[in-house]
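Report on the following structure.
Protein chains: 2
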Amino acid sequence: MAQKPSIPKGTRDFSPIEMAKRNYIFNTIKDVFGLYGFQQIETPAMENLSTLMGKYGEEGDKLLFKILNSGDYLKDAPAELMEQRDSLHLTNKISEKGLRYDLTVPFARFVVQHRNDLSMPFKRYQVQPVWRADRPQRGRYREFYQCDADIVGSDSLFNEIELVSMIDEVFKRFGVNIAIKLNNRKILSGVAEIIGAPDKIVDITVAIDKMDKIGIDNVNAELREKGLGDDAVAALQPLLTLTGTNEEKMEVLRQLLSSSEEGMKGIEEMQFVLDGVAALGLKSIVELDVSLARGLNYYTGTILEVKALDVEMGSITGGGRYDNLTGVFGMPGLSGVGISFGADRIFDVLNTLDLYPADTTASARVLFINFGNREAVESLKRIKELRASGISAELYPDAAKMKKQMAYANDRKVPFVAIIGENEIANNTVTLKDMATGEQQSLTTAQLIEALR
Amino acid sequence: MAQKPSIPKGTRDFSPIEMAKRNYIFNTIKDVFGLYGFQQIETPAMENLSTLMGKYGEEGDKLLFKILNSGDYLKDAPAELMEQRDSLHLTNKISEKGLRYDLTVPFARFVVQHRNDLSMPFKRYQVQPVWRADRPQRGRYREFYQCDADIVGSDSLFNEIELVSMIDEVFKRFGVNIAIKLNNRKILSGVAEIIGAPDKIVDITVAIDKMDKIGIDNVNAELREKGLGDDAVAALQPLLTLTGTNEEKMEVLRQLLSSSEEGMKGIEEMQFVLDGVAALGLKSIVELDVSLARGLNYYTGTILEVKALDVEMGSITGGGRYDNLTGVFGMPGLSGVGISFGADRIFDVLNTLDLYPADTTASARVLFINFGNREAVESLKRIKELRASGISAELYPDAAKMKKQMAYANDRKVPFVAIIGENEIANNTVTLKDMATGEQQSLTTAQLIEALR
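Residue numbers (the numbering used here), protein chains in the order written: chain A, 6 to 458; chain B, 6 to 458.
Okay, structure coming up:
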């Protein structure tokens, strides 16, 4: 086989240094999840197609990776479908399993399946890959990680406050300045109610979002094009020109929505969350943004999204409150609220801003040069002591030429090289070379441990 | 949908406490891999079937989970295969990708694909799930993790010494007493050469393995049944009755194999590894075992296997040296040596012996009881300080009845409950209850941090 092997398009190999950076991201997020009392679960990569199908719309069904049944999968395939080459309908005759498309549906399935073992509220986090047969493009992969945290079984808005605080903590640790944008589905519903156009929520949020780019006149024209009457457009003006502090925006919304029960409920929820996070004193900007409309067919209360301030990039975290997570699996009435960190985009942000800690490395701290069997065994004894002190260390396995061993040290970006030759054995010392400065020191083992720690 | 949802057979959900235990296992192994200078990589769950097929034998090909092509996968399917319902041959017309079956083939593919970016020797580790369409049974799953470490591009036997030392360190950390059994493929080849029966290696190792159970007379009878002549059986007697220390066994082997160049090479390699690990002083028993014959169609030098001493269980770690890892991908001559920790069996061993550290828990360290909005906000302020000190803490999100909140604390096995009510707000204190003893203390925030640390 002369052809160089490859991997499926849209998938990636991760090199040691990429893994070190990704581990930094995942471990930071997991540490914070743990500090906030979220519990980790994992679910299988494969789910039954009966669990997955119909949960992501028709388009989503097509984007599921489906696993061919084992054995003679054509045995019971209906003759008609075979003759007509009806790929679409044959699929569920020859495939029973698929790769998970997100972490939400498997989580809902998990909650229902293990309902008798779970005490509510259940705070779970999950960090696992998902797979989508999307057209691959820059920044969009067919295998990527999601980092989700959800609280189900509690309507309390303290959950929202905790999630916003948790987002703040994660990005504080990353050193990324962010704005956490908040909206509430009930506020949007109230707006639609006020102007008598409940089916126009999306058009309205899209229009608000364009204000900065195209100006109020063009936005108004667009709204009329979408079928809004003059009264409705007039009623929307305060929303389109909404500026200032969160307090100022809330005041305008309070007047605008005063006649909508649903809208006022949204205002009340928003105020509670804003007050709560203000009391805690976050580092991040927290900003009411009525143009935020993610997951409108899903979210029923708070909607949130995170933007990095110092780099051009789409949303890097998002989430919201939903009703009825598990209804589709026969367990109605379970509401919750959750967020999802976009690990791949965060990876891109940290790469762009070069925000990894200085010790994000894939290499050992010290490489021992190999001068032959006797010296190598002496080296391994020192290495054993270093490792016992938590210092990663390795021996070059072959007594190769010095130049080759030093090239390896360079390639691996090992910060220190240690030498045990005849003299060092005689004096019971180690020569330590700092690869950055070139400086050499003759040390006892105890001093070596101290120097490398 | 009234039916309770389920997961595909042979797969598992992992609950929070199971995840805490599994993380302890994976993190211990990864920490040791890192201390020894191994670098982590990850490869995609899906590989091209051209990468996977033919690498695991005919049976292995059948056990690969294959992914149905996206879109109209039947469009170009040959009419003949469709009419004959030839599942076997249709597969590679409708499926191009499969789930990885192990970590070794993807690693070989990785090395060849990225050869220009890798400096040799390359020490990599990889901890990821693999999938096999095996018949599920007790202890055998269709999705399970492998934890592999390999060094490629070096023939040095110091690599073997390092791997044995690494195994010792991992199980020392787990508190599991083990025997590390060593053999060498060249010793077995030498034995076969001596008795003139190169095709009987497996029969011989199986016979040696049965000595304890059925005794020497039955073993000899079995060897004759397998077609060995009287001379061959006579020549094998020293091997069948091999006992004593490693030194004593080596002495017998040295005499037995003196006329076999290959055999003596194996003896020399074995002696080097035994001397090396003796010089380092391992905790584990290291034992020469000529009946060890794992991966005979694959390993070319050292073969090793680990048995837990205090629990009935198959091999919990295994490995060996191989030539030509990457030849099948057009890069011949790359040899290496590697080991694989069996995470699922180690999980079973630690469960059986109850060897998890006392702090292996999925719960927060303290739960704050929720008495209402004012108290909850005060609680969140304290919780923020605790988290800043690295103490995991959570607020019960709803002002539910005390009984319900305490039941939650019990279910979650939270070790402490904190109370901030009217009195505590007035006195700026927190009441801390130890859930195990029932003891209560009134503390300042600083004292609280001290008590929970």
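Backbone N, C-alpha and C fix where the C-beta goes; we use that ideal spot for every residue, glycine too. Bear in mind that the values here come from a model prediction, so they are computed numbers and not experimental data.
* **Pairwise C-alpha distance: B/N428 and A/R387** => Your numbering for residue 387 of chain A matches position 382 in the first sequence. Your numbering for residue 428 of chain B matches position 423 in the second sequence. Between the alpha carbons of A/R387 and B/N428 lies a gap of roughly 59 Å.
* **Neighbourhood of A/R105 by C-beta distance below 6 Å, restricted to the same chain and skipping five residues each side** => In the first sequence, the residue the question calls residue 105 of chain A occupies position 100. E52, P111 and V135.
* To do: Determine which residues share a DSSP beta bridge with A/R120 and list them.
  => Within the first sequence, numbered from 1, the residue matching residue 120 of chain A stands at position 115. In DSSP, A/R120 forms no bridge with anything.
* What are the start and end residues of the beta strand (DSSP E) that includes A/R299? -> The count along the first sequence starts at 1 and reaches residue 299 of chain A at position 294. Unbroken run through A/R299: none, as it is neither H nor E.
* Asked: Leaving out five residues before and five after B/E292 in sequence, what residues of the same chain have Cβ atoms less than 6 Å from its Cβ?
  -> Along the second sequence, one-based indexing puts residue 292 of chain B at 287. Around B/E292: A184 and K186.
* Asked: Thinking just about the alpha-carbon of each residue, which of B/A348, B/M275, B/P126 and B/Q452 is nearest to the one in B/R145?
  -> Residue numbering aside, residue 145 of chain B sits at position 140 when the second sequence is read from its first letter. Nearest C-alpha to B/R145: B/A348.
* To do: Go ahead and label A/K408 buried or exposed: buried means 16 or more other beta carbons lie within 10 angstroms of its beta carbon, across all protein chains shown.
  => Here the question's residue 408 of chain A lines up with position 403 in the first sequence. Exposed, because fewer than 16 other Cβ atoms sit within 10 Å of the Cβ of A/K408.
* By how many angstroms is the C-alpha of A/D91 removed from the C-alpha of B/M87? -> On the second sequence, position 82 is the one that residue 87 of chain B refers to. On the first sequence, position 86 is the one that residue 91 of chain A refers to. Between the alpha carbons of B/M87 and A/D91 lies a gap of roughly 12 Å.
* Asked: Is there at least one Cβ from chain A nearer than 7 Å to B/T48's Cβ?
  -> Counted from its first residue, the second sequence places residue 48 of chain B at position 43. Yes, B/T48 lies at the interface with chain A (some Cβ there is under 7 Å from its Cβ).
* Own chain, CB closer than 6 Å to A/S296, minus 5 neighbours either side, in chain order -> What you label residue 296 of chain A is simply residue 291 of the first sequence in a count that begins at 1. If we look at A/S296 and ignore the five residues flanking it on each side, its Cβ neighbours are T210, I213 and D214.
* Contact with chain A by B/I308, beta-carbon distance below 7 Å -> Reading the second sequence from its first residue, position 303 is the one you call residue 308 of chain B. At least 7 Å separates the CB of B/I308 from every CB of chain A.
* Asked: The alpha helix (DSSP H) with B/A412 in it runs from where to where?
  -> Along the second sequence, one-based indexing puts residue 412 of chain B at 407. Note, B/A412: alpha helix (DSSP H), M407 to D416.
* To do: Assign B/Y361 to one of three DSSP states: helix, strand, or coil.
  => By one-based count along the second sequence, residue 361 of chain B stands at place 356. Coil.
* **6 Å CB neighbourhood of A/L261 in its chain, flanking five on each side removed** => Counted from its first residue, the first sequence places residue 261 of chain A at position 256. Listed in chain order, the non-local C-beta contacts of A/L261 below 6 Å within the same chain comprise P243, local neighbours out to five positions each way being set aside.
* Asked: Which one of B/P337, B/E167 and B/G395 has the shortest CA to CA distance from B/V37?
  -> Position 32 of the second sequence, counted from the first residue, corresponds to residue 37 of chain B. The candidate whose alpha carbon is nearest that of B/V37 is B/E167.
* Asked: Taking any Cβ of chain B, which residues in the stretch 319-346 of chain A have a Cβ under 8 Å from it, in chain order?
  -> V333, F334 and G335
* Asked: By Cβ distance, which residues of its chain are closer than 7 Å to A/L314, with the 5 residues on each side in sequence left out?
  -> Taking the first sequence and counting its residues from 1, one reaches residue 314 of chain A at position 309. So the list reads N182, I183 and A184, once near-sequence residues are dropped.
* Buried versus exposed call for B/S264 [16 or more other C-beta atoms within 10 Å across all chains shown] -> Residue mapping note: residue 264 of chain B aligns to position 259 of the second sequence, counting from 1. Classification for B/S264: exposed.
* Asked: Which residue comes first and which comes last in the alpha helix (DSSP H) that contains B/D260?
  -> Working through the second sequence from its first residue, we reach residue 260 of chain B at position 255. With the sequence shown as reference, residue 260 of chain B is identified as Gln, and Asp is not the correct amino acid for it. The continuous alpha helix (DSSP H) containing B/Q260 extends over residues N251 to L261.
* Rounded to a whole number of angstroms, what is the C-alpha to C-alpha distance between A/R392 and B/Y41? -> As a working mapping, residue 392 of chain A is identified with position 387 in the first sequence. As a working mapping, residue 41 of chain B is identified with position 36 in the second sequence. Whole-angstrom Cα-Cα distance: 8 Å.
* Hey, would you say A/V257 sits closer than 7 Å to A/E165, going by beta carbons? -> Taking the first residue of the first sequence as 1, we reach residue 257 of chain A at position 252. Taking the first residue of the first sequence as 1, we reach residue 165 of chain A at position 160. No. Outside cutoff.
* **Meets three-Cβ-pair contact criterion under 8 Å: the stretch 447-455 of chain B and the stretch 417-437 of chain B** => yes
* Asked: Counting contacts by CB-CB distance shorter than 7 Å, is B/M6 in contact with chain A?
  -> In the second sequence, the residue the question calls residue 6 of chain B occupies position 1. Note that B/M6 scores 46 on pLDDT, short of 50, meaning its location in the model is unreliable and no value can be drawn from it.
* Residue from A/D217, A/V238 and A/I272 with nearest C-alpha to A/A226 -> Within the first sequence, residue 226 of chain A is the residue found at index 221, counting from 1. Closest option to A/A226, Cα to Cα, is A/V238.
* Asked: Does the separation of the CB atoms of B/T33 and B/R129 fall below 7 Å?
  -> Position 28 of the second sequence, counting from 1, holds the residue named residue 33 of chain B. Position 124 of the second sequence, counting from 1, holds the residue named residue 129 of chain B. By the CB criterion at 7 Å, B/T33 and B/R129 fall outside the cutoff.
* **chain B contact residues for A/H119, given Cβ-Cβ distances below 9 Å** => Here residue 119 of chain A corresponds to residue number 114 of the first sequence, with the count starting at 1. Under the 9 Å cutoff, chain B gives D18 and S20.
* Closer than 6 Å by C-beta to B/Q45: which residues in its own chain qualify, once you throw out the five before and the five after it? Chain order, please. => For the purposes of this step, residue 45 of chain B is identified with residue 40 of the second sequence, where counting begins at 1. Excluding positions up to five away in sequence, the list reads Y130.
* Contacts around A/I206, its chain only, beta-carbon distance under 8 Å, and the 5 residues preceding and following it disregarded -> Taking the first residue of the first sequence as 1, we reach residue 206 of chain A at position 201. Contacts found: L193, S194, V196, A197, A298 and L301.
* To do: Measure the C-alpha to C-alpha separation of B/R137 and A/Q445 and round it to an integer number of angstroms.
  => Within the second sequence, numbered from 1, the residue matching residue 137 of chain B stands at position 132. Within the first sequence, numbered from 1, the residue matching residue 445 of chain A stands at position 440. If you take the alpha carbons of B/R137 and A/Q445, they lie about 52 Å apart.
* Mind checking if B/K102 is an interface residue toward chain A, Cβ cutoff 7 Å exclusive? -> Here residue 102 of chain B refers to the residue found at position 97 of the second sequence. With respect to chain A, the C-beta atom of B/K102 has a partner C-beta closer than 7 Å.
* Spatially closest choice to A/F149 from A/T16, A/L69 and A/E310, by CA coordinates -> The residue given as residue 149 of chain A occupies position 144 in the first sequence. It is A/T16.
* Have a look at A/M269 and A/E310 and give me their C-alpha separation to the nearest angstrom. => The count along the first sequence starts at 1 and reaches residue 269 of chain A at position 264. The count along the first sequence starts at 1 and reaches residue 310 of chain A at position 305. One C-alpha to the other measures close to 22 Å.
* **DSSP three-state assignment for B/Y106, whether helix, strand or coil** => The count along the second sequence starts at 1 and reaches residue 106 of chain B at position 101. Three-state DSSP puts B/Y106 in coil, outside helix and strand.
* **Start-to-end residues for the beta strand (DSSP E) that takes in A/N375** => Position 370 of the first sequence, counted from the start, is the residue given in the question as residue 375 of chain A. Unbroken run through A/N375: none, as it is neither H nor E.
* Any idea what DSSP makes of B/L355, helix, strand or coil? -> Within the second sequence, the letter at position 350 stands for residue 355 of chain B. Helix at B/L355.
* Name, please, each residue of chain A whose Cβ falls closer than 8 Å to the Cβ of B/G281. => As a working mapping, residue 281 of chain B is identified with position 276 in the second sequence. Ordered by position in chain A, the residues that pass the 8 Å Cβ test against B/G281 are V382 and L385.
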